[in-house]
Every structure is written in structure tokens, then in C-alpha cells.
Amino acid sequence: MTDASRLRTDLSLRAGGVLSLAIAVTAIHALARLHAANGVLALLLAMIGFLCTSAGAMLVIVGGHIHDRVAISARWRRVER
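Residue numbers (this note's numbering): 1 to 81.
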């Protein structure tokens, strides 16, 4: 992967994270404006707000490093048979 491609991937993932955070803010704002904050709509808005906030924050912070490989301890590796 070239440096330009990595930069484009990193910026695209971070922009997607910002977009996800914007969706979360919109959903939480709509939830706060509900007069009767119970029912299916309130639950759906809360779920959208939580999931988009979690995913958006992770994408903004981690960016392109989400694809990095991590070392697994020998204890948790699969045993080859």
C-alpha cells in the first residue's frame, strides 16, 4: 500500500467517524426533544446515539490503525493439530 493510499484510507475512516458522531448528536438531540421519552422511538434513538457515538469515537481516535495486526499471547493461540 502506498503512502497516499494509506493517508486516503486514514482520512476516510476518520471522516466516517466524524459523520457517525454527527448522526449520534442528531439522534440524542431528537431524543432530548421528545416529550414522552418512553416507547419504541425513544429506545431506537438511544440505541442509534450510543452505537454511533461508540463507533464514531473509535474511528476518529484510531483511524487507519484499525487494520493493524496485534500480537496474540501464546496462551490464546489456536493449537495446530
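Glycine included, every Cβ here is placed at the ideal spot set by N, Cα and C.
Cutting at 6 Å between CB atoms, please list the residues of its own chain near residue i, excluding the five before and the five after it.
i, result
"G17", "G56, L59 and V60"
"D10", "G63 and G64"
If I measure Cβ to Cβ from residue i and keep anything under 8 Å in the same chain, skipping five residues before and after, which residues do I get?
i, result
"C52", "S20, L21, I23, A24 and A27"
Determine whether the beta carbon atoms of residue i and residue j lie at a separation below 8 Å.
i, j, result
"L13", "G63", "yes"
What did DSSP end up calling residue i once you bin it into helix, strand or coil?
i, result
"H67", "helix"
"V79", "coil"
"A22", "helix"
"A46", "helix"
"I28", "helix"
"S5", "helix"
Going along the chain, which residues of its own chain have a beta-carbon closer than 7 Å to the beta-carbon of residue i, five neighbours each way excluded?
i, result
"R42", "In the sequence as displayed, the identity of residue 42 is Ala instead of Arg. These residues qualify, in order along the chain: L31 and L34."
"A36", "none"
Here's the rule I'm using: 16 or more other beta-carbon atoms within 10 Å means buried, otherwise exposed. How should residue i be labelled?
i, result
"G39", "exposed"
"L45", "buried"
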